[in-house]
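Visitor:
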Amino acid sequence: METAELVFRPQGPTDSDHVHFPREDGSRIPYKVFSSQAVYDREQERIFRGPTWNFVALEAEIPHAGDYKSTFVGDTPVVVTRLEDGGLAAWVNRCAHRGASVCRKSRGNATSHTCVYHQWSFDNSGNLLGVPFRRGQKGMTGMPADFDPKNHSLRKLRVESYKGLVFASFSDEVVPLPDYLGAEMRPWIDRIFHKPIEYLGCTRQYSKSNWKLYFENVKDPYHASMLHLFHTTFNIFRVGMKARSIPDATHGLHSIITVTKTGEDTSSAYKQQNIRSFDEGFALEDDSILGLVSEYEEDTTNHIQPIFPQLVIQQIHNTLVARQLLPKGPNSFELIFHFFGYTDDTPELRALRIKQANLVGPAGYISMEDTEATELVQRGTVRDADATSVIEMSRGNPDQQDTVITESLIRKFWVGYQKLMGY
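Position 81 of the sequence shown, counted from 1, bears residue number 80 in numbering that gives the first Met the number 0, the numbering being contiguous throughout.
1. How do the region 58-70 and the region 101-118 stand: do at least 3 beta-carbon pairs fall below 8 Å, yes or no?
2. If the criterion is Cβ atoms closer than 8 Å, does the pair Leu441 and Val91 meet it?
3. If you draw a straight line from the alpha carbon of Ser35 to that of Leu348, how long is it in whole angstroms?
4. Counting only the same chain and skipping the five closest in sequence on each side, list residues whose C-beta sits under 6 Å from that of Trp80.
5. Express the C-alpha separation of Tyr422 and Arg203 in angstroms, rounding to a whole number.
6. Would you mind stating whether Gly25 and Lys411 have Cβ atoms separated by less than 8 Å?
7. Unbroken beta strand (DSSP E) runs of length 3 or more, entirely within the region 126-173: which are they?
8. Classify Lys137 as buried or exposed, calling it buried when 16 or more other Cβ atoms lie within 10 Å of its own Cβ.
9. List the endpoints of the continuous alpha helix (DSSP H) containing Thr70.
10. What's the C-alpha gap between Val287 and Arg243?
11. Drop a sphere of 10 angstroms on the beta-carbon of Glu284, count the other beta-carbons inside from all chains shown, and report buried for 16 or more, exposed for fewer.
12. Per the DSSP calculation, Thr257 is bridged to which residue(s)?
13. Quick one: residues in its chain with C-beta nearer than 8 Å to the C-beta of Arg394, no 5 flanking neighbours on either side, listed in chain order?
14. One question on the structure: do Ser206 and Tyr213 come within less than 8 Å of each other, judged by their Cβ atoms?
15. For the structure I just gave you, are there three or more beta carbon pairs, one from the region 302-315 and one from the region 250-261, closer than 8 Å?
16. Mapping the DSSP letters down to three states, classify Gln355 as helix, strand or coil.
17. Just confirm the distance between the C-beta atoms of Phe236 and Ala223, as a whole number of angstroms; I'd bet it's less than 8 Å.
18. Give me, in chain order, the residues of the same chain whose beta-carbon lies closer than 6 Å to that of Thr113; leave out the 5 immediate sequence neighbours on both sides.
19. Using only alpha-carbon positions, find the residue among Val165, His96, Met142, Lys31 that is nearest to Val78.
20. So, at 8 Å on beta carbons, what are the nonlocal neighbours of Asn216 in its own chain, with the 5 sequence-adjacent residues on each side left out?
21. Indicate whether the contact test is met: 3 or more Cβ pairs, each with one atom in the region 323-342 and one in the region 172-188, closer than 8 Å.
22. Here's a check: name, in chain order, each residue in its chain whose Cβ is nearer than 6 Å to the Cβ of Lys104, leaving out the five neighbours to either side.
23. I'd like to check one pair, Lys155 with Gly135: are the Cβ atoms closer than 8 Å?
24. Check whether the region 36-44 touches the region 383-393, taking contact to mean three or more Cβ pairs, one atom from each stretch, closer than 8 Å.
25. Ordered along the chain, which non-local residues of its own chain (more than five positions away) have a Cβ less than 6 Å from that of Asp16?
26. Under the three-state reduction of DSSP, which class applies to Val414: helix, strand or coil?
27. Is Gly415 close to chain B, meaning its C-beta is less than 8 Å from at least one C-beta of that chain?
28. Nearest CA to the CA of Ala167: which residue from Leu319, Phe332, Gly49?
29. Just mark Asn317 as buried or exposed, buried being the case when its beta carbon has 16 or more other beta carbons within 10 Å.
30. Where does Gly340 land, buried or exposed, given buried means 16+ other C-beta within 10 angstroms?
31. So for Val101, helix, strand or coil by DSSP?
32. Would you say Phe169 and Val72 are within 8 Å of each other, going by their C-beta atoms?
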């Protein structure tokens with residue numbers, strides 16, 4: 000089916016986690032949603048453990064049987080592993096005995112996993128393999144006769160993969176992954192993942208701000224040429240470029256933003272309005288980082304595609320990234336930039352991708368400004384829970400998609416969020 004239907008279960012709000020949205024159109028967002036512990040706890044159950052698919056890995060990270068990776072779905076620790084038959088499995092990283100973390104490494108290769116606390120061991124699918132002294136010693140004590148290892152596996156998640164992107168879900172009711180991604184989003188994912196990829200490595204960035212502020216940010220083309228001097232000065236992302244800002248048609252939770260160079264001089268609007276992000280005096284001694292090798296149907300300089308709730312697919316010039324967004328409480332999140340290329344990259348193109356990795360990440364010429372901005376919002380709103388943001392840009396023409404002067408994707412996101420959260 001082409002239309003994905005999420006399963007929303009009615010739930011009566013409590014005083015602590017209820018949020019009043021003054022408008023249903025996503026244009027007024029109470030600041031409480033960015034700092035409330037009760038709202039955050041509700042999100043963990045209704046979103047991350049709800050009817051969603053959460054990005055957990057690239058298949059290229061775990062290509063061989065026994066390869067595994069420790070990560071999170073929301074703030075729940077999980078392990079994703081490659082099975083002997085080539086399939087994928089994911090399970091909660093919590094021992095079925097007394098709750099300790101079973102896997103303590105970030106990644107590796109193993110045929111089984113053993114909890115350090117009492118040495119209970121599990122296979123790569125999460126099934127219990129062994130319990131030390133299960134039958135006691137010399138006929139004394141041990142587990143009771145009715146103890147059945149089959150009933151004490153690690154909690155397993157559903158796992159599906161699309162174009163080498165691995166997703167996991169706690170829900171038995173979530174729609175199949177292709178339907179969840181939607182007909183509008185799949186062609187843009189296919190554009191990036193049109194041939195086999197090779198994993199290059201990752202960087203990690205922490206922000207003292209709420210995870211949804213970052214999700215707003217990657218749905219906000221309006222900010223990109225205002226905040227980022229590098230974008231605007233070096234003609235990577237400007238108002239006036241050929242642009243697309245497209246939501247998924249079902250719930251608005253996913254979206255795609257692209258900008259493409261056309262050869263037209265797009266600097267005049269910034270000069271006329273004296274916008275600080277355009278600085279003709281700003282220059283690089285070595286401008287090779289600005290190289291753009293044509294790889295696709297047109298010279299798209301930016302492809303930013305958030306897939307709710309944990310993934311942002313990115314192409315900026317020739318750097319390719321799967322950004323993984325991990326909430327760490329109501330006031331912080333971790334952002335992991337997973338860099339990749341194609342298996343048939345030339346050495347020159349591979350070197351350019353690695354050099355352009357400096358555009359993003361914790362010290363990136365571009366992306367370090369995003370988390371600074373979200374932290375400014377967090378600090379500015381923490382004591383004004385009932386005040387609201389104003390998300391009005393392009394509200395009079397909400398369906399226009401050929402512009403970056405718009406906040407329509409943010410509004411659609413908040414409409415979908417309210418429904419998923421039961422507000």
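Using N, Cα and C, we set each Cβ at its ideal position, and we do this for glycine too. Here the structure is a predicted model, which is why all the values come from computation and not from measurement.
Guide: Well, looking at it:
1. As far as the Cβ criterion goes, the region 58-70 touches the region 101-118, which means the pair count is three or higher.
2. Nothing can be reported for residue 441: it is not among the residues displayed for the chain, which extend from 0 to 422.
3. Counting from one through the sequence shown, the residue named residue 35 turns up at place 36. Counting from one through the sequence shown, the residue named residue 348 turns up at place 349. So the two alpha carbons sit approximately 45 Å from each other.
4. One-based indexing of the sequence shown puts residue 80 at position 81. Looking at the sequence shown, residue 80 is not Trp but Thr. Around Thr80: Tyr67, Ala88, Asn123.
5. In the sequence shown, the residue the question calls residue 203 occupies position 204. In the sequence shown, the residue the question calls residue 422 occupies position 423. Rounded to whole angstroms, Arg203 to Tyr422 spans 33 Å at the Cα level.
6. If you number the sequence shown from 1, residue 25 lands on position 26. If you number the sequence shown from 1, residue 411 lands on position 412. Yes, these two residues count as a Cβ contact at 8 Å.
7. 127-129, 155-161, 164-168
8. As a position in the sequence shown, residue 137 is number 138, starting the count at 1. Exposed: under 16 other Cβ atoms inside 10 Å.
9. On the sequence shown, residue 70 is found 71 positions in, with the first residue counted as 1. Thr70 -> not in any alpha helix (DSSP H); beta strand (DSSP E) instead, spanning 66-72.
10. For the purposes of this step, residue 287 is identified with residue 288 of the sequence shown, where counting begins at 1. For the purposes of this step, residue 243 is identified with residue 244 of the sequence shown, where counting begins at 1. In the sequence under discussion, the amino acid at residue 287 is Ser, which differs from the Val named in the question. Straight across, the Cα-Cα distance linking Ser287 with Arg243 is about 27 Å.
11. The residue given as residue 284 occupies position 285 in the sequence shown. Exposed: under 16 other Cβ atoms inside 10 Å.
12. For the purposes of this step, residue 257 is taken as residue 258 along the sequence shown, with counting starting at 1. Paired residues: Arg243, His302.
13. The residue labelled residue 394 in the question sits at position 395 within the sequence shown. So the qualifying residues of the chain are Asp24, Ser26, Glu406, Ser407, Arg410.
14. Taking the sequence shown and counting its residues from 1, the one referred to as residue 206 is at position 207. Taking the sequence shown and counting its residues from 1, the one referred to as residue 213 is at position 214. Taking 8 Å as the cut-off, the Cβ atoms of Ser206 and Tyr213 count as close.
15. yes
16. Within the sequence shown, numbered from 1, the residue matching residue 355 stands at position 356. Gln355 falls in the helix class under three-state DSSP.
17. In the sequence shown, residue 236 corresponds to position 237, counting from 1. In the sequence shown, residue 223 corresponds to position 224, counting from 1. Contact flag correct, Cβ pair sits at about 5 Å.
18. Numbered from its first residue, the sequence shown carries residue 113 at position 114. Cβ neighbours of Thr113 beyond the five flanking positions: Ser120.
19. Position 79 of the sequence shown holds residue 78. Minimum Cα distance to Val78 is reached at Val165.
20. For the purposes of this step, residue 216 is identified with residue 217 of the sequence shown, where counting begins at 1. Only His222, Asp369, Ala372, Thr373 meet the Cβ criterion.
21. no
22. For the purposes of this step, residue 104 is identified with residue 105 of the sequence shown, where counting begins at 1. Around Lys104: no qualifying Cβ.
23. Locating residue 135 in the sequence shown gives position 136, counting from the first residue. Locating residue 155 in the sequence shown gives position 156, counting from the first residue. Their beta carbons are not under 8 Å apart, which means Gly135 does not touch Lys155 by this criterion.
24. no
25. Translated into positions along the sequence shown, residue 16 becomes position 17. Excluding sequence neighbours, Asp16 sits near Ala37, Val38, Arg41.
26. Within the sequence shown, residue 414 is the residue found at index 415, counting from 1. Note: Val414 maps to helix in three-state DSSP.
27. No chain B appears in this structure, which consists of one protein chain only.
28. Taking the first residue of the sequence shown as 1, we reach residue 167 at position 168. Answer by Cα proximity: Gly49.
29. Position 318 of the sequence shown, counting from 1, holds the residue named residue 317. By the 10 Å Cβ count, Asn317 comes out buried.
30. Counting from one through the sequence shown, the residue named residue 340 turns up at place 341. Flag for Gly340 reads buried.
31. The residue you call residue 101 lines up with position 102 of the sequence shown. Residue state, collapsed to three classes: coil.
32. Here the question's residue 169 lines up with position 170 in the sequence shown. Here the question's residue 72 lines up with position 73 in the sequence shown. Yes; because the gap between Cβ atoms is below 8 Å, this pair is in contact.
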